[in-house]
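Here the sequence shown stands for residues 317 to 709, where the numbers follow this note's numbering.
What follows is a short report on a single structure.
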Amino acid sequence: MTPDTAKADGEEGPRLPVKASKLQTVLLVGVGIISLCAAGVAMWYKISHRNESSQSGGAILKDKEKNFSLEPPPKPWVRDEDMRAKLGSPYIHVYRREDPEAYMAFGARDYPNSSPRPSDLEAGLDRALEKILEKDTRKKYPEEGDKTWMGQETRGYKFSGALKSGGNVEGDARAFGHKGVGYWFISWTGSDLYEDQKAVFAEGRRRCKLLELRKDWKEKQSPVVPFKNTEIPYTILDAEGMWVEETNEARVKDEDPKADKYLVTKKDRKRDQNDEAELTIYVLDGSGNALADAKAYIEAQANKSVETRGKNTFTEHLGALEGDPTPNTVDGNAESVLMRSVNDRDPTHSWLYAISAITVGSKTVVASAKCQWAQRAAFDTKFVQLVKSLREK
């Protein structure tokens with residue numbers, strides 16, 4: 317009689333396979349224990365490596381949209397996703413090394429129809445450093461060593477400061493624009509280590525290359541928009557399409573009884589620009605010196621309510637222009653001047669004025685563009701181009 321056909325005492329039918337059942341139970345318990353161990357190891361790894369999306373080194377990263385490639389730095393460098401999130405856009409690859417501690421951040425951003433402005437490039441560096449360095453400790457120094465990256469001339473600087481997380485650092489920040497894409501690089505390490513690590517950071521930059529996928533790319537030029545008066549024949553040219561004219565005649569005269577046109581910057585200008593400026597064209601009775609008359613009139617209008625609003629003192633602004641070059645070249649030779657006004661009751665109430673004037677028949681036509689003094693870097697070059705383009709036509 318075989319075990320399969322053997323019967324227990326007083327039972328009918330085949331006997332249960334007792335030994336096989338015990339073996340199954342042991343195997344199932346073993347598999348469960350192994351699964352729990354594997355899950356525990358996976359959880360430990362995830363927690364202990366939470367800052368590392370992947371080990372560094374390995375395959376070259378190609379970004380066709382942004383027209384560049386990056387060969388990740390070798391071990392012991394690792395990706396640091398926490399730092400990438402802290403720095404934010406435009407930084408897309410950030411690497412960290414533990415001993416000695418150091419960081420390298422690579423950024424890129426596509427500007428579909430135009431090249432990034434110098435101020436865009438500088439803002440991409442400055443805003444990132446604001447997130448990691450204590451404000452009162454940040455210092456900038458002239459860019460050191462090779463001033464090229466991926467074969468292109470860079471804008472940038474060496475920096476130092478105290479980390480918000482603690483410790484003093486020194487580093488390198490640089491950027492450039494090429495065929496509609498901006499590129500940024502920031503590296504930093506302890507202040508006492510920077511000189512020794514400069515070669516390492518330079519090697520990190522050398523791992524980036526342009527893909528040359530945009531050989532046919534061309535910057536889209538904004539149309540030059542003329543604003544005219546046909547009765548008193550004058551024209552002023554907007555080289556960037558950034559101004560919109562107020563068409564309500566009553567609103568124009570509310571600005572000033574002698575105002576002929578009133579324009580403001582468009583609210584939906586590209587690149588998320590929120591700065592505001594205004595342009596007023598005045599028509600005055602002519603006399604001897606058009607520009608002197610223009611300055612006197614604008615200063616008088618700004619001081620109509622000295623008793624209630626304080627006195628605004630005007631001085632000529634002779635400092636270097638801080639803004640970006642205008643993308644379109646527009647000829648203009650109207651006599652012009654830059655002025656700064658400061659209110660004696662509130663020195664923060666300060667404005668930049670760009671004023672030009674021409675004689676048209678018996679009239680003096682005046683162009684006056686203004687913005688808050690704190691926003692001068694966004695507008696000063698644009699103002700100069702604009703008011704100098706005033707002409708009789």
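Each residue gets a CB set at the ideal place from its N, CA and C atoms; glycine is no exception.
Can you tell me whether V622 is buried or exposed? The criterion is at least 16 other CB atoms within 10 Å of its CB, across all chains shown.
Reading the sequence shown from its first residue, position 306 is the one you call residue 622. Burial call: exposed.
Identity of the residues DSSP links to G639 by a beta bridge:
Position 323 of the sequence shown holds residue 639. DSSP lists no partner for G639.
Using only CA atoms, which one of E446, A424, I448 and P428 lies nearest to L437?
Walking along the sequence shown from the start, residue 437 turns up at place 121. Answer by Cα proximity: A424.
Residue ranges of each alpha helix (DSSP H) run of no fewer than 4 residues wholly in the segment 562 to 620, ordered along the chain?
565 to 571 and 606 to 618
Any idea what DSSP makes of A375, helix, strand or coil?
As a first step, residue 375 is located in the sequence shown; it is residue number 59 there, counting from the start. In this structure, A375 counts as coil in the three-state DSSP scheme.
Suppose the cutoff is 6 Å on Cβ atoms and the five residues either side in sequence are ignored; what does the same chain contact list for I290 look like?
This structure cannot speak to residue 290, because the chain is shown only from 317 to 709.
Indicate whether S431 and G472 have their beta-carbon atoms separated by less than 8 Å.
Taking the first residue of the sequence shown as position 1, residue 431 is located at position 115. Taking the first residue of the sequence shown as position 1, residue 472 is located at position 156. No.
Have a look at L711 and K679 and give me their C-alpha separation to the nearest angstrom.
Since the first residue of the chain shown is 317 and the last is 709, residue 711 is not available in this structure.
Terminal residues of the beta strand (DSSP E) in which Y457 lies
Here the question's residue 457 lines up with position 141 in the sequence shown. Per DSSP, Y457 belongs to the beta strand (DSSP E) from K455 to P458.
Just list the alpha helix (DSSP H) runs in the segment 481 to 567, keeping only unbroken ones of 4 residues or longer that don't cross its boundaries, in chain order.
510 to 522
Helix, strand or coil: how does DSSP classify V682 here?
One-based indexing of the sequence shown puts residue 682 at position 366. The answer is strand: DSSP assigns V682 an E or B state.
Of the residues S405, K451, A489 and R656, which one's Cα is nearest the Cα of L634?
Indexing the sequence shown from 1 puts residue 634 at position 318. Ranking the options by Cα distance to L634, first place goes to R656.
Under three-state DSSP, which class holds R433?
Walking along the sequence shown from the start, residue 433 turns up at place 117. Looking at R433 - three-state DSSP - the assignment turns out to be coil, as it is neither helix nor strand.
Cβ-Cβ distance between K514 and G461 below 8 Å:
Mapped onto the sequence shown, residue 514 falls at position 198. Mapped onto the sequence shown, residue 461 falls at position 145. It is a contact, given that the beta carbons lie within the stated cut-off.
Can you list, in chain order, the residues of its chain with a C-beta nearer than 6 Å to that of T551? Leave out the 5 residues immediately preceding and following it.
To locate residue 551, count along the sequence shown from 1; it is residue 235. These residues qualify, in order along the chain: P542, K544, R707 and K709.
So what's I363 in DSSP terms, helix, strand or just coil?
Here residue 363 refers to the residue found at position 47 of the sequence shown. Its pLDDT being 41, under 50, I363 is placed unreliably in this model, and the coordinates cannot settle the point.
Of the residues G602, D532, S603 and T629, the one placed nearest E615, counting alpha carbons only:
One-based indexing of the sequence shown puts residue 615 at position 299. That would be T629, whose Cα lies nearest to the Cα of E615.
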